[in-house]
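For reference, the structure discussed in these notes is given below.
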Amino acid sequence: MIQPMHSKLSVFILQILGSALVLNVAFNVNAASLSTENVFLITTDGLRWQEVFSGAEAGLMTKEEGGVKDTNALRKDFWRATPEDRRGALMPFLWSQVAKEGQLWGNHAKSSIVQVTNGRNFSYPGYSEFLTGIVDPRIDSNDRKPNPNKNVFQWLHAQERFQGRIGASVSWGVIPWILNSDVARFPVWSAFDVPEGTRKFNLSPTVQGLLDRATPIWSDVSLDTFAGLAAKEMVLQLHPRAFYIAFGETDDWAHDSRYDLYLRSARNFDRFVRELWELVQSIPQYHNKTTFILTTDHGRGPAPIAWKSHGQAIPESSFIWVALLGPDTAPLGERQNTPKITQGQIAATVASFLGEDFVAASPKSAKPIPGVVGK
């Protein structure tokens, strides 16, 4: 017997609703089973995958190619006989703890690729890609312009259970525009002017006094020390559940042809991540309930010249790295022979650790990194 058209339509609608209900129930069960209740995304601008996985590069530890002021001191601090020992000297927390209890991607020598897909390989497009999950050809400069796309932190803050529980502390002065901080309305710390309407976080008088007396080095990037101090103050005062922290010195010292200070900034980044991890583990809200995601906005070119820069003309600068540490990520360490990960997958991965489906709300966004949420 042929069913009437309205009956077929009714059955079809019921099937769709049933499938959606199953997916929603499965998603909620998955969310309920997660130990992670807080996610920190922490980035350092333009740190190459080469240093992350192999440590200091010998050919750049010179006055001629690396602008090194004291080569003996630099070699004492960072040169070791093997890549494994060199990377451990450069980023001891990453390789002593994250590599043992978390996961890392991006070592080309082990067939692990993480790649920027915006084709521009510089900062605003990179930050936008990993914060929104979207590659947008309209983003073609580092100008202080509002981001036409909604980022994952902005989206989370619009939800009732995350309101007042989102924050950001950033070194580069353009990032508040990338975050749409004026409409997102979560607290943001920056040493520079922010979009009108932003809820700017105020440092303690002691730290603000230090900032006011520090000699500026760059016009739009503050010293990472202050972004780190602001981040710790925000954790202690605001207790954010989703938190973005952006450091900038690694990129600027590389542009300034100072490989020695580039390496020292990378080590300082690692030290800050360790200190922040120890801080959050000492607080009941965060203890064994927090996931860290570490990455960068773009890579750099190869030695001896192109390491100083990046961009569309340097295809090697599209390659980056990602590391995760938290209670819901299996301790697989340095990954190898894995499918390629794209930069855009980070936004949805942030949300997934909180039991949220960012792609459902932003269908153009890349899907989460597979297999990292849940042991």
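The opening position of the sequence shown corresponds to residue 4 in this note's numbering, with each subsequent residue numbered one higher. Every residue gets a Cβ at the ideal spot worked out from N, C-alpha and C, and that includes glycine.
Collapsing the DSSP output to three states places residue 171 in a strand. Within the same chain, and ignoring the five residues on either side of residue 234 in sequence, the residues whose Cβ sits closer than 7 Å to its Cβ are 172, 248, 279. Per DSSP, residue 351 is not a residue of any beta strand (DSSP E); the alpha helix (DSSP H) it occupies stretches across 348-356. In the same chain as residue 93, and ignoring 5 residues on each side of it, the C-beta atoms closer than 7 Å to its own belong to 54, 58, 59, 81, 266, 269, 270, in chain order. When secondary structure is reduced to three states using DSSP, residue 212 falls in the helix class.
A distance of 8 Å or more separates the beta carbons of residue 258 and residue 125. Contact annotation: the stretch 200-215 does not touch the stretch 129-140, with fewer than three C-beta pairs closer than 8 Å. Close CB contacts of residue 63 within its chain, under the 6 Å cut and outside five residues either way in sequence, are with 69, 262, 306 (chain order). Beta-carbon to beta-carbon, residue 255 and residue 224 are separated by about 5 Å, close enough to satisfy the 8 Å threshold. Collapsing the DSSP output to three states places residue 247 in a strand.
The C-beta distance from residue 95 to residue 170 rounds to 27 Å, too long to fall under 8 Å, and the pair is not in contact. With 16 or more other CB atoms across the displayed protein chains lying within 10 angstroms of its CB, residue 51 is buried.
In this model, residue 108 and residue 99 are separated by some 16 Å (Cα to Cα).
Assignment of residue 336 by DSSP, reduced to helix, strand and coil, places it in the strand class. In the three-state reduction of the DSSP assignment, residue 75 falls in the helix class, which pools H, G and I. Considered as a whole, the stretch 64-128 harbours 66-69, 74-81, 86-93 as its complete alpha helix (DSSP H) runs of no fewer than 4 residues, in chain order.
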